[in-house]
Structures are given as structure tokens and as C-alpha cells.
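Presented below is the structure to which this report refers.
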Amino acid sequence: MSPGIQLTEQGNLRHLLTIEGLSSETLLNILDTAESFITLGRREIKKVPLLRGRTVVNLFFEASTRTRTTFEIAAKRLSADVINLNPTHSSTSKGETLLDTVRTLEAMHTDLFCVRHPESGAPHLIARNVPDHVHIINAGDGRHAHPTQALLDMFTIRAHKGEFRNLRVAVVGDVLHSRVARSQIHALSTLGVAEIRVVGPRTLLPREIERLGVRVFTEMDEGLRDVDVIMMLRVQRERMDGAQIPSEQEYFNLYGLTEERLALADSGAIVMHPGPINRGLEIDSAVADGERSVILAQVTYGIAIRMAVMAIILGGSEPRRSRLPDA
Ligand code: NCD
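Here's what the structure looks like:
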């Protein structure tokens, strides 16, 4: 899965498929652009005409609440026309292939597809098969990547902690099944975070994760000591095939984030989670709802980040219809 495909020859963002391979300038440009959209959400009229006349299709082959909704809100606040497709209710369930579905929607003059798919690499496959004027944003593929989640997480960290360089950040829990963790680690490392830790049971850590430049901790208390940011991950029971975790109670006892454990982190540490959260499994309610939690702020920032990505990708490109008939 080559990251090269997402940049134009001039180095502009054409698709957003993965964080891997993007420069810190590109990431910071997205964060800065998102900054300019934050105040828009607080206005009575939450719209700008940036993408007026453009068509965005949310193509979600997997369940999602916050990601799909925030992509939709983001596109609407930029004045694009948005269609939400849940392909279990459309032709894909009648056997139409992924690319046929995309080509059909492309024939309706779609400018941008936001794609979530259970298989790693599906958004790349689409990106390799669309004409130049059609753009793809990966909204989460299999265990591979979830770049807009990682970007909104970076936005959250910067909003609460300022500079990235001096931070100690712990990514905690089911790293093995998490596309979010992979994208977070690439983003944290590109932005120069001083120390990236992954914390979890060996059975839920990918082999050779150290190669990504992280410190591995299998003891929760040790892993949390003095960190500035705790990025919790959901235990992805639907992706587990065997006994990768002991009983839920035992998992919570060993790796659940409680107030006692939070006290081991830096006194100003923030607690993040991409959602949906499993209360009482990876995180205690007192922490999820507590004053260090920025979990709901992450959701709000997600709108501004998705607006920024759409604006950057579509803002720099004129819609062209070379391969398509006029309509
Ligand atoms: C994540 C996802 O779907 O990858 N959630 C999200 O996008 N907000 C994480 C998860 O499902 O655990």
C-alpha cells in the first residue's frame, strides 16, 4: 500500500489514505486549517460556501456513529451536497463489486468519497481506480488505518498540551486490532513526540511493534507513569478470534483505566478515547466522565478536522469530467 498515491506531483494532498509517508508540514497544515473552522461551529449559521456545488458520498461498509456523522456534518458545513450510503442496503449486497459501486456513483459526478471498509486496503484500491478529479478519504479500513481519527487526536493533543516535542504519550489497550493506534503512532512520530509508549497485554500487541519506534510496556502501572497523554483504545471483541483476553473482569483489573491508575500519570495528563467506549472494560466511568477526559472534545474537533481535510483536498482541485458524459 504505497503512500505515494495520495500526493499529486506538486506534493499536494489528492487523497487521504494513511498518515504514513505524510510530512509534518502536511499534518500541521491540516491542523492549522482545522483551527480556522473551530469557531464556525459556535456560530448560529454554521456554514461556509467553500465546497458549494461539490458532491460528497459517504460510503460506509461498516457500522459507525461518530465518524459517519461528523463526515456528514463537515461536508454540510462546507456547503457540499452529501449522500450517505450504507451498502448493506444497496447493490453491493446484490453482488455488485466495490469498484462497480464506486463507478456507478462516479457516473453521478461524485467529487469525493469518504470510505469505511472492513478490509484493509479497500480505500487504496478505489483510489487507484478513480480518475484524477475524484478524491478518496479513508474513514477507517480493517486494522490498517484511520487517518482522520489520528489527525483529530493530534488536534486534541495540541489544543490541550501545546507543543508535541516534549510529550510522553501512551497508547493503551488493544493495539493489535486497532487501525486507530497505527495511525496515531505514525502521526505522533512524524510530529516529533519525545516518547511514544504502547501499553497492553502481549496478546494484544502486534509483533515487532517496537520497529515503529515505540517503547513497549506490558504492565499498565509502569506504562502510565509520568505520561502527559493517555490514548485509550477500545477492546475490539468483534475482531478477536480466540481467547486473546482473559475474562472482562480480569482485563479491567489489569488494564482498565481507573482513577488510581490515572494518578500515576503526570498531574496535568489528559485522557482520550476514539469511542465507542466500553465502560468497565478498558475504562472506568469515573475516568471517562472525569475532568481529565477530553473524549467529547475529540468528537467536536473531528468535525473541524474533516472539514479541513475535505477543504484541502477539494479546494486545490477543479472538478473535471473527462471520463464521464455531460449531465
Ligand atoms: C474507531 C474505529 O471505528 O476504528 N472508532 C471511531 O472511528 N470513532 C475505534 C473503534 O471502533 O474502536
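Heads up, the final residue of the sequence shown is numbered 378 in the numbering used here, and it's a clean run with no missing numbers.
Glycine is no exception: its CB is placed at the ideal position from the N, C-alpha and C atoms.
Spatial neighbours of G326 in its chain, beta-carbon cut-off 6 Å, leaving aside the 5 residues before and after: R117
Using only the heavy atoms of the ligand SAH, determine whether one of them is closer than 7 Å to the beta carbon of H197. The ligand SAH is not part of the structure shown, which contains the ligand NCD as its ligands.
If you measure from the CB of Q287, is any heavy atom of the ligand NCD nearer than 7 Å? Answer for Q287: yes, Cβ within range of the ligand NCD.
For T90, count neighbouring C-beta atoms within 10 Å of its own C-beta (all shown protein chains included) and say buried if the count is 16 or more, exposed if not. exposed
Neighbourhood of T207 by C-beta, 7 Å cutoff - its chain only, sequence neighbours within 5 removed: M323, V345, A348, Q349, Y352
Which residue marks the beginning of the alpha helix (DSSP H) containing E123, and which one marks its end? 117-128
Verify the contact flag: R230, CB atom, against every heavy atom of the ligand NCD, threshold strictly below 7 Å. yes
Just the Cα atoms here: how many angstroms apart are D272 and R216? Their backbone Cα atoms lie some 23 Å apart in a straight line.
State the DSSP-derived secondary structure class of A173, mapped to helix, strand or coil. DSSP places A173 within a helical segment (H, G or I) once states are collapsed to three.
Could one say the Cβ of L308 lies closer than 8 Å to chain C's Cβ atoms, at least one of them? No chain C appears in this structure, which consists of one protein chain only.
N189: buried (16+ other C-beta within 10 angstroms of its C-beta) or exposed? buried
DSSP three-state call for I411: helix, strand or coil? Nothing in the structure corresponds to residue 411, since the chain is present only between 52 and 378.
Within a Cβ cutoff of 6 Å, which residues of the same chain sit near L110, ignoring the five residues on either side of it in sequence? Answer for L110: L136, F164, V166, listed in chain order.
Compare the C-alpha of A210 against each of G264, L156, I356, L308 and name the closest. It is I356 whose Cα lies nearest to the Cα of A210.
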